[in-house]
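A.B. asks: FYI, the numbering for the sequence shown is 0 to 432, going by numbering that gives the first Met the number 0. The beta-carbon is built from N, C-alpha and C at its ideal position, and this holds for glycine as well. Following this message is one structure expressed as structure tokens.
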Amino acid sequence: MIIQCPSCGLQAKLPDSKEGAKVRCSECERVYVAKPAGARGKTQKSNPTMPIAIGAGVVVIAIVLFAMSGDKGGQGVVVPEVKATETVKETYVDPTGFDSELSKVARRAHDLAFERAELDLQVMIDLPHAWAQLNGTEEGPADPVDYQSLSSGEQSEFISGVIASLVAENEDNLVGWWYPLDGRVIEQTDQFATVEFELQPRDSSNPGLRGIHWGLVKAGNKWKVWKWERWISDAEAAANVRRTASKTVKKSLSDGSLVLESEPRTLPHDPTTSAELAARIDTLVAQLGDPNLPPRKLTPVREELIAIGKPATPILINELWNSYKELEAAKAAGGDMYESQVKLTAMAEMLKEITDYSTTVALESMGGTDERLESGIKQWFYWYDKKYKRFKGIDEEAQVDGLEAITDLSELTEKERREYEKAKREQEQEKNN
Numbered sequence: 000m001i002i003q004c005p006s007c008g009l010q011a012k013l014p015d016s017k018e019g020a021k022v023r024c025s026e027c028e029r030v031y032v033a034k035p036a037g038a039r040g041k042t043q044k045s046n047p048t049m050p051i052a053i054g055a056g057v058v059v060i061a062i063v064l065f066a067m068s069g070d071k072g073g074q075g076v077v078v079p080e081v082k083a084t085e086t087v088k089e090t091y092v093d094p095t096g097f098d099s100e101l102s103k104v105a106r107r108a109h110d111l112a113f114e115r116a117e118l119d120l121q122v123m124i125d126l127p128h129a130w131a132q133l134n135g136t137e138e139g140p141a142d143p144v145d146y147q148s149l150s151s152g153e154q155s156e157f158i159s160g161v162i163a164s165l166v167a168e169n170e171d172n173l174v175g176w177w178y179p180l181d182g183r184v185i186e187q188t189d190q191f192a193t194v195e196f197e198l199q200p201r202d203s204s205n206p207g208l209r210g211i212h213w214g215l216v217k218a219g220n221k222w223k224v225w226k227w228e229r230w231i232s233d234a235e236a237a238a239n240v241r242r243t244a245s246k247t248v249k250k251s252l253s254d255g256s257l258v259l260e261s262e263p264r265t266l267p268h269d270p271t272t273s274a275e276l277a278a279r280i281d282t283l284v285a286q287l288g289d290p291n292l293p294p295r296k297l298t299p300v301r302e303e304l305i306a307i308g309k310p311a312t313p314i315l316i317n318e319l320w321n322s323y324k325e326l327e328a329a330k331a332a333g334g335d336m337y338e339s340q341v342k343l344t345a346m347a348e349m350l351k352e353i354t355d356y357s358t359t360v361a362l363e364s365m366g367g368t369d370e371r372l373e374s375g376i377k378q379w380f381y382w383y384d385k386k387y388k389r390f391k392g393i394d395e396e397a398q399v400d401g402l403e404a405i406t407d408l409s410e411l412t413e414k415e416r417r418e419y420e421k422a423k424r425e426q427e428q429e430k431n432n
């Protein structure tokens, strides 16, 4: 039995036993009663003479066709074949799930970045909103309208920088270097949406999971991406704790000193650090390694990083380790080590000034040894593993406990003196651990 949708005219084939059942059109989704195409209203009462008349008509038509075929030299009559349309079974898609429209938009960004399809990737980015996000302040993002006031050269430079960061071949690139394993839409309005993904590295030699939050904006009738930020899931946080416990080691150096070290690796930005601040930190740290930057411009860079404080420390530790590897490579090749030495020293001094924490980092020219230098850098990774989360900044910590403000113990009662001495011991223990 061939049925036909009364709204859009789409035909479908059903068993005769389904006549009278309600069906949904796969094209326009209208629900209607299944009945043979062309049938109107209820079927008429059966006429006992009708089958005889129909049979006689069929015989007459067959005789005529046979006679016609005989006149044409035995050529048969070709009856055109009519293909019956099949009903398409619809699959339900969760509008907030991994296969939803919004999730597929963000997933496509990962694929295009990995394929280095830069033009296609540029088309799916809402550049005004992306520019406003990356050029905002602590008070909030800039106005996307201001993007249009940029010169063509400035816009081109911004686009090139964004695309380059998305296709960069390094493990910190969460878009091109990682692919979504699972995800969901966590927020959606008429104009904006947020999608979160658990990511897996494309390089199988780099195990582990990471997370990303995508910001999407409705541009006309299309969704485009405009923001991508690091996100740490509960599973990743738990895994980080387990890895931290295995990384930390107690080591005795050749001079007899006992130190605590952790395994060097690339540290991420703090999850509470905004995208704008993270981008600013990356820019400032990159400027520190620019050998052509004159001292008068280098000083403000160092001062700004120190003023940023805690959020800058993971990236400074990363760059400290990178500088050490550059120094060792230059030493092995017999090349110039001066630039690496200057950068390494600058990173170590800034970290010490921000945290008030000291390690055994010292160059040979300053009385250090290779063993103590490498160990000192690994001690900074230990500081990150064990102290970073509780670190509030030197000024804030002093303000919280207020112990340094007490200079005259005679002003305290006996109970207050005992509490002060107990707090002081705990503070010293915390600094030594």
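Using only CA atoms, which one of Ser148, His128, Ile307 lies nearest to Ala277?
C.D. replies: It is Ile307.
A.B. asks: Put Thr282 into one of helix, strand or coil per three-state DSSP.
C.D. replies: Here Thr282 sits in helix by DSSP.
A.B. asks: The alpha helix (DSSP H) with Leu319 in it runs from where to where?
C.D. replies: Leu319 -> alpha helix (DSSP H) spans 312 to 332.
A.B. asks: If you run the structure through DSSP and keep just helix, strand and coil, what is Ile231?
C.D. replies: Looking at Ile231 - three-state DSSP - the assignment turns out to be coil, as it is neither helix nor strand.
A.B. asks: Considering only residues of the same chain and omitting the five flanking positions on each side of Ser251, which have a CB-CB separation below 7 Å?
C.D. replies: Hits under 7 Å: Leu257.
A.B. asks: What residues in its chain sit with their C-beta under 8 Å from that of Arg301, if we drop five residues either side in the sequence?
C.D. replies: Result list for Arg301: Leu287, Ala345, Met349, in chain order.
A.B. asks: Could you check the C-alpha separation between Trp227 and Ser164 for me, to the nearest Å?
C.D. replies: If I take the Cα positions, the gap works out to 11 Å.
A.B. asks: Hey, out of Ile158, Ala311, His212, whose CA is closest to Tyr178's CA?
C.D. replies: Considering only alpha carbons, the answer is His212.
A.B. asks: Can you tell me which of Glu370, Gly182, Leu149 puts its alpha carbon nearest to the alpha carbon of Asn134?
C.D. replies: Nearest of Glu370, Gly182, Leu149 to Asn134, Cα basis: Leu149.
A.B. asks: Taking contact to mean at least 3 C-beta pairs separated by less than 8 Å, is the segment 351 to 361 in contact with the segment 371 to 379?
C.D. replies: These segments touch.
A.B. asks: Can you give me the start and stop residues for the alpha helix (DSSP H) that Ile307 sits inside?
C.D. replies: Segment 294 to 307, the alpha helix (DSSP H) holding Ile307.
A.B. asks: Note down the Cα distance separating Ser374 from Arg209, rounded to an integer number of angstroms.
C.D. replies: Roughly 28 Å separates the two Cα atoms.
A.B. asks: When we look at the beta-carbon of Asn317 and count the other beta-carbons within 10 Å, is it buried (16 or more) or exposed?
C.D. replies: Classification for Asn317: buried.
A.B. asks: Is Gly175 buried or exposed, if buried means 16 or more other CB atoms sit within 10 Å of its CB?
C.D. replies: By the 10 Å Cβ count, Gly175 comes out buried.
A.B. asks: Rounded to the nearest angstrom, what separates Asn512 and Val161 at their Cα positions?
C.D. replies: Any answer about residue 512 is impossible in this case: the structure gives the chain only from 0 up to 432.
A.B. asks: Under 8 Å, Cβ to Cβ, is there at least one residue of chain B near Leu287?
C.D. replies: No chain B is part of this structure, which consists of one protein chain only.
A.B. asks: Consult DSSP for Pro35 and reduce its assignment to one of helix, strand or coil.
C.D. replies: Reduced to three states, the DSSP call for Pro35 is strand.
A.B. asks: Can you tell me where the beta strand (DSSP E) with Gly210 in it begins and where it stops?
C.D. replies: Run containing Gly210: 209 to 218, per the beta strand (DSSP E) assignment.
A.B. asks: Grab me the residues of Arg29's own chain with a C-beta within less than 8 Å of its C-beta, minus the 5 sequence neighbours each way, in chain order.
C.D. replies: Taken in chain order, the residues that qualify are Cys4, Pro5, Ser6, Cys7, Arg23.
A.B. asks: Output the distance between the C-alpha atoms of Thr265 and Ala347, rounded to the nearest integer angstrom.
C.D. replies: In a straight line, the C-alpha of Thr265 is about 17 Å away from that of Ala347.
A.B. asks: Could you please give me the residues that DSSP links to Pro200 through a beta bridge?
C.D. replies: Answer is Trp177.
A.B. asks: What separation, rounded to the nearest whole angstrom, lies between the Cα atoms of Trp130 and Arg183?
C.D. replies: Going by the C-alpha atoms only, they are around 25 Å apart.
A.B. asks: Would you identify the three-state DSSP class for Ser251, choosing helix, strand or coil?
C.D. replies: The answer is strand: DSSP assigns Ser251 an E or B state.
A.B. asks: Taking just the CA atoms, how far does Ser25 sit from Leu13?
C.D. replies: Distance between the alpha carbons of Leu13 and Ser25 is about 14 Å.
A.B. asks: Work out the CA separation of Phe113 and Arg201 for me, nearest whole Å.
C.D. replies: The alpha-carbon atoms of Arg201 and Phe113 are separated by roughly 9 Å.
A.B. asks: Quick check: what's the CA-CA separation for Lys296 versus Ile185?
C.D. replies: Answer to the nearest angstrom: the Cα atoms are 43 Å apart.
A.B. asks: Nearest to Gln187 by alpha carbon, out of Asp384, Met336, Thr95?
C.D. replies: When each option's Cα is compared against that of Gln187, the closest is Thr95.
A.B. asks: By DSSP, does Val92 sit in helix, in strand, or in coil?
C.D. replies: Val92: coil per DSSP, three-state reduction.
A.B. asks: Taking a contact to mean a Cβ-Cβ separation below 8 Å, would you say Ser232 touches Glu197 in this structure?
C.D. replies: Yes, the Cβ-Cβ distance between Ser232 and Glu197 is below 8 Å.
A.B. asks: Pull up the distance between the alpha-carbon of Asp142 and that of Pro127, whole angstroms please.
C.D. replies: Those two C-alpha atoms are separated by around 8 Å.
A.B. asks: Which residue or residues does DSSP assign as beta-bridge partners of Phe191?
C.D. replies: Answer by DSSP bridge pairing, in chain order: Val216.
A.B. asks: Which residues in the same chain as Ala116 place their Cβ atom closer than 6 Å to its Cβ, once the five residues preceding and following it in sequence are excluded?
C.D. replies: Cβ neighbours of Ala116 beyond the five flanking positions: none.
A.B. asks: In terms of residue numbering, what span does the alpha helix (DSSP H) encompassing Ala116 cover?
C.D. replies: Here Ala116 belongs to no alpha helix (DSSP H), and DSSP marks it neither H nor E.
A.B. asks: What number of angstroms, rounded off, separates the C-alpha of Leu470 from the C-alpha of Leu101?
C.D. replies: Past the boundaries of the shown model lies residue 470; the chain is included only from 0 to 432, so the question cannot be answered.
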